[in-house]
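Structure, as structure tokens:
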Amino acid sequence: MASERDWSFINRLASRIRARHKPAREKSRILMTDELAQLGYDLMHAAQSDDSISDAVQYRDGLMIALLAYVPIRRKNFTALEIGSSIVRRQGQWFIQLTPEQTKTHAWFETILPPALEPYLQRYLDFYRPMLVACTGRWRKPTGNALWISNHGSPMTQDGLYSRICRHTGERFGEHCSPHMFRDAAASTLATEAPEYVRMAAPLLGHRSFQTTEKYYRQAKAQEGHGSFVKTITALRGEG
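The working numbering applies: residue 853 is where the sequence shown begins, and numbers increase by one.
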């Protein structure tokens, strides 16, 4: 239409918009699992100074972040964890187990909780979770065996869990880290710190094959290579 007109100004406008565009997700900063786990521990330690509901909420949030860092399952499964079925204690250890009907890939998933996290989980179950269950907020509903309880005395929703995790990670790291990004962190941490075990990230994250996980390995190696390149140039220029 109107082929005789000069529409080059549209290209100029598009170029300006692209130049000003800020990516929704910053790729240069890859959070590592140990950073996320440390945030969780810090929140739990800070919450144990008082017995208020706000401290119970903070302790719960810290436990969610630490547990998700160690066991980065999908948000739907993480939110729906239930005591006695998907998070169980047997043989003196805590396990997270998901049936094929619960997982995206329809594969059985089971893992042991890190021993270091067990006393924190037990503290939550014995003390803070009952405090939250007893709350009588506007949205209160039967909690059943749900692991994560809101300050309304109801099972947490996926949106509620997402919001709390994004809030704390945003305050700590300057930008929020969604529950799904914990999975990125797990793969990146393995690829960077223990590349010989990187293929283990596929079953850890519930991927059907290593091809889905391989991009994190490539990304970590690319950043490592660029870091070495920058150090070399810096040395050659006599900087630093």
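Even glycine gets a Cβ: it sits at the ideal position worked out from N, Cα and C. Because the structure is a prediction, the values reported are computed rather than measured.
Asked, Found
"Under the rule that 16 or more other beta-carbon atoms within 10 Å means buried, what is Gln-910, buried or exposed?", "buried"
"Let me know the secondary structure DSSP gives Arg-942 once reduced to three states.", "strand"
"In angstroms, rounded to a whole number, what distance separates the CA positions of Arg-992 and Ala-932?", "17 Å"
"Buried or exposed: which applies to His-958, given that a residue is buried once 16 or more other Cβ atoms fall within 10 Å of its Cβ?", "exposed"
"Give the range of the alpha helix (DSSP H) segment to which Thr-995 is assigned.", "Counting along the chain, Thr-995 falls outside any alpha helix (DSSP H), and DSSP gives it neither H nor E."
"State the beta-bridge partners of Ile-948 as determined by DSSP.", "Ile-939 and Thr-963"
"Specify whether the region 948-968 and the region 915-934 touch according to this definition: at least 3 beta carbon pairs, one from each stretch, less than 8 Å apart.", "yes"
"Using alpha carbons as the reference points, say which of Ile-964, Met-896 and Arg-1024 lies closest to Asp-907.", "Met-896"
"Which residue wins for smallest C-alpha separation from Gly-996, given the options Ala-921, Glu-934 and Met-884?", "Glu-934"
"May I have the straight-line CA-CA distance separating Asp-894 from Trp-960, to the nearest angstrom?", "32 Å"
"Quick one: grab the DSSP three-state call for Pro-1007.", "strand"
"By alpha-carbon positions, which one of Met-1033, Ser-1006 and Pro-1007 ends up nearest to Ile-1017?", "Met-1033"
"When DSSP builds the beta bridges, which residues end up paired with Ile-1001?", "Pro-1007"
"Looking at the unbroken alpha helix (DSSP H) that takes in Phe-930, where does it start and where does it end?", "927-931"
"Give the DSSP-derived three-state secondary structure of Glu-934 in the structure shown.", "strand"
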